[in-house]
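Below: one structure, written as structure tokens.
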Amino acid sequence: MRTSITIDEKNYELATNAYTPIAYKEQFGKDYFQDLFSMVNSQAILAKLDQLEEGEDLQAHHIDVSILSDFDMTFFHRLFWVFAKSANPRIKPFMDFFLEMEEFPVQEVAPVLMEMLNQGMMTRKKQMKQKQRARKSSQ
């Protein structure tokens, strides 16, 4: 899946593909899917982001501190960068990439990233079902 998002009047191309987990592991030394599953366990913060009105910022008082105990806020940064890297393997290294950004609006970025994750997972589920059907009919 490919999409783009504009932050501070700069357009960022994002993509998910077969390279995405490899780039993630290569850059961060962590397993892409393990981090995703850890993120899914922190759905409470995403629910809070979804409840915000347009133009409203997420404030500390909106969040119960207990839901942040297992949540890594740099996850969105890592995910954003790896999707940008998947779209363009020649982007700047992680630190340089973010040093050039004035802001990183998580409340705007998170829904785009989550949509890309959902699309990627749905595609994989469909492919798995098709392979299983093919195996069953050939047996």
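Residues in the sequence shown are numbered from 181 upward in steps of one, following the working numbering. Beta carbons: idealized from backbone N, C-alpha and C, even for Gly. The structure displayed is predicted, hence computed values, not measured ones.
Beta-carbon within less than 6 Å of residue i's beta-carbon, same chain only, minus the 5 sequence neighbours each way: which residues are those?
{"i": "Leu259", "result": "Leu293"}
Check the C-beta distance from residue i over to residue j and give it rounded, since I have them as a contact under 8 Å.
{"i": "Thr200", "j": "Phe274", "result": "Not quite, the Cβ-Cβ distance comes to about 15 Å (not below 8 Å), so this is no contact."}
{"i": "Phe284", "j": "Phe277", "result": "With a Cβ gap of about 10 Å, Phe284 and Phe277 do not count as contacting."}
Taking the straight line between their C-alpha atoms, what separation do you get for residue i and residue j?
{"i": "Glu280", "j": "Asp188", "result": "11 Å"}
{"i": "Arg182", "j": "Pro269", "result": "14 Å"}
{"i": "Thr186", "j": "Ile202", "result": "25 Å"}
{"i": "Asp252", "j": "Gln214", "result": "13 Å"}
{"i": "Ala198", "j": "Met296", "result": "13 Å"}
{"i": "Lys205", "j": "Ile271", "result": "17 Å"}
{"i": "Lys190", "j": "Gln287", "result": "17 Å"}
{"i": "Ser389", "j": "Lys265", "result": "It is not possible to answer for residue 389, since the shown part of the chain is limited to 181 through 319."}
Is the separation between the beta-carbon of residue i and that of residue j shorter than 9 Å?
{"i": "Trp261", "j": "Gln299", "result": "no"}
{"i": "Leu194", "j": "Ala267", "result": "yes"}
{"i": "Phe255", "j": "Val289", "result": "no"}
Would you list the one or two residues that DSSP bridges to residue i?
{"i": "Asn191", "result": "Thr186"}
Looking only at its own chain, which residues have a Cβ that is under 7 Å from the Cβ of residue i, when we skip the five neighbours before and after it?
{"i": "Glu282", "result": "Asp188"}
{"i": "Thr196", "result": "Met181, Phe263, Ser266, Met296 and Gly300"}
{"i": "Tyr192", "result": "Ser184, Ile185 and Ala264"}
{"i": "Met219", "result": "Phe255"}
Among the residues of its own chain, which have a CB less than 8 Å from the CB of residue i, if the five just before and after it don't count?
{"i": "Tyr212", "result": "Thr200, Pro201, Tyr204, Lys205 and Val262"}
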